Every structure is written in C-alpha cells, then in structure tokens.
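Visitor: Respectively, the protein sequence lines represent chains A and B. The C-terminal residue of the first sequence carries number 72 in numbering that gives the first Met the number 0, and the numbering is unbroken. The C-terminal residue of the second sequence carries number 149 in numbering that gives the first Met the number 0, and the numbering is unbroken. Once you've had a glance at the structure underneath, I'll fire off some questions.
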Amino acid sequence: MLVLNRKVNESIIIDDRIEIKVLEIVDGKIKIGIEAPKDVTVLRKEVYDEIRNENAQAASISLDSFSKLKKNR
Amino acid sequence: MKIKTRFLGEVEIDEKMIMDFPEGIPGFEDSRRYVLLDIPENDVFRILQNADDEHISFIVTDPWVFFEDYDFDIPDEELAKINIKKEEQLSVMNIVTLSDEFENSTVNLLAPVVVNKDDRAGKQYVLNSGKYTTKHPLFTKAEGEANACS
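Written out as structure tokens, the structure reads:
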C-alpha cells in the first residue's frame, strides 16, 4: 500500500481524474472530499463489504430452502 | 446449449439468453455470464444462474411484488455501463436470501440488479441511499404464515 502524508486542504490525484482532499480533521474523524467522473463508483468500504457478504450468503442457501420455495408459490 | 445449474440440474438454454455482467457481481467479480431461469410452479421468484459455474446461483424477485413503494435513482453514467439509453430497456430484480424458515427470508433492496433487456447486459448497483438495507424481510410475520399455508 502506498502511504502518503497529507494535511488539511491537501489532496492527492489518482489517474489524472480523481481528486481526494482532506477537508477537516475533528476528534479523530477525517472528512474527505472526492471529486471523480460520474462513471467512477465511490462507496464506503463497509457498504461494499456488506453487499459482498449478502451475495455470498444468498448464493449459499441450502437446497432444502429452495425446495420450500417451490412449495410456497 | 446445456448448462449445469445449482437448483435445477442440467438445463437447456438458448445461448442468446445469456447476459453479460461486465463487472461481475460483488463477491463474484470474475464471473460475468448469467442467465435467468424460471422456477417450475413458481412465478414470483426466478433464478439468476451463472452460465459457467453451477455453484453461483441467486434467487431473485421483482421487488415491486413485495414493496410497492420501492424507488431509487441511478445516474445515467451507471446505466450507460450497460448501454441503457431509455427506461423501457431497464429491468430490475433484487437478490433474495432464502432462510431455512421460508417466512424469514430477506431481500437486498440496497443493491438492485439492473439489466438491459435489449442488449442483455447487467450489473448490481449499490444505491446511495440510507433508506434501504441488504436484509428487508419479505414478509411480515402474519403474511409469512398465511403464505406458508396457501
């Protein structure tokens, strides 16, 4: 992982088109501003992880659960 | 062509029915080709089956069957990733997590699967919304019981 030091109001630029700026640091919370083209998906990592976990769970349901589905039409 | 499926065994499909998910589905990013299969004797749920890996298989449903008021916005740029230019091309389904007790099953309203019906391309889009979660109960308690008896 690349590690950079930034102060408030300093930014980094990724791939000439995505700017990530440190806006504010209060009580250990860092407010970050992201400027990116609209086709770039920006998500909080925990939300993305939650979707991945839910998908993994949805894909591992038992055959037994599926057979109940057929009866519960 | 014939494909192997997790829930229905070997199934004959029309190759033209295969949908491309250019970004995969979160958690299954390397698997791009999916097909929608009907479930015998059930018209509320369908199966989103990976065409290349029988183990990757999701139960999906039309969200508005269960949640009339479900609504969300998707930026045009996201729809452009699957070549959607007008709303009529768009089809929406949501992934269901079946529970061993059917009435406890949930549906992921936070991340609808959107499909371009014409081009047969799709993606799972994560909503930027605090309104929905990955686990909405499909039934209220009473409904679930009524359903199980019918």
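Note that CB positions come from ideal geometry on N, CA and C, so glycine has one too. Computed from a predicted structure; not experimentally measured.
Skipping 5 residues on each side, what residues in its chain have a beta carbon closer than 6 Å to that of residue 133/B?
Guide: Here residue 133/B is taken as the residue at index 134 of the second sequence, counted from 1. These residues qualify, in order along the chain: 107, 109.
Visitor: The beta strand (DSSP E) that contains residue 33/A, what's its start and end?
Guide: Against the first sequence, residue 33/A aligns to sequence position 34. First-last of the beta strand (DSSP E) with residue 33/A: 28 to 34.
Visitor: Within the same chain, show all residues whose beta-carbon is closer than 6 Å to that of residue 59/A, passing over the 5 residues directly before and after it, in chain order.
Guide: Position 60 of the first sequence holds residue 59/A. Here the set comprises nothing.
Visitor: Can you tell me where the beta strand (DSSP E) with residue 51/A in it begins and where it stops?
Guide: Locating residue 51/A in the first sequence gives position 52, counting from the first residue. Residue 51/A -> not in any beta strand (DSSP E); alpha helix (DSSP H) instead, spanning 44 to 57.
Visitor: To the nearest angstrom, how far is it from the Cα of residue 64/B to the Cα of residue 64/A?
Guide: Locating residue 64/B in the second sequence gives position 65, where the first residue counts as 1. Locating residue 64/A in the first sequence gives position 65, where the first residue counts as 1. For residue 64/B and residue 64/A, the distance between alpha carbons rounds to 20 Å.
Visitor: So the alpha helix (DSSP H) residue 76/B belongs to, where does it begin and stop?
Guide: In the second sequence, residue 76/B corresponds to position 77, counting from 1. Taken as a continuous stretch (DSSP letters only), the alpha helix (DSSP H) holding residue 76/B covers 75 to 79.
Visitor: Let me see if you follow: with CB-CB separation under 8 Å, is residue 55/A close to chain B or not?
Guide: The count along the first sequence starts at 1 and reaches residue 55/A at position 56. True, the Cβ-Cβ gap to chain B drops below 8 Å.
Visitor: Alpha carbon to alpha carbon, how far is residue 83/B from residue 76/B?
Guide: In the second sequence, the residue the question calls residue 83/B occupies position 84. In the second sequence, the residue the question calls residue 76/B occupies position 77. Taking the straight line joining both Cα atoms gives about 9 Å.
Visitor: Could you list which residues in chain B have their beta carbon closer than 7 Å to that of residue 14/A, in chain order?
Guide: Translated into the one-based positions of the first sequence, residue 14/A becomes position 15. None at all; the shortest Cβ gap to chain B is about 17 Å.
Visitor: Contact defined as beta carbons within less than 8 Å: I believe residue 16/B pairs with residue 59/B. What is the distance between those atoms, to the nearest angstrom?
Guide: Taking the second sequence and counting its residues from 1, one reaches residue 16/B at position 17. Taking the second sequence and counting its residues from 1, one reaches residue 59/B at position 60. Contact flag wrong, Cβ pair sits at about 15 Å.
Visitor: Go to residue 21/A, then tell me how far its alpha helix (DSSP H) extends in each direction, as first and last residue.
Guide: Reading the first sequence from its first residue, position 22 is the one you call residue 21/A. No alpha helix (DSSP H) contains residue 21/A, which is instead part of the beta strand (DSSP E) from 17 to 25.
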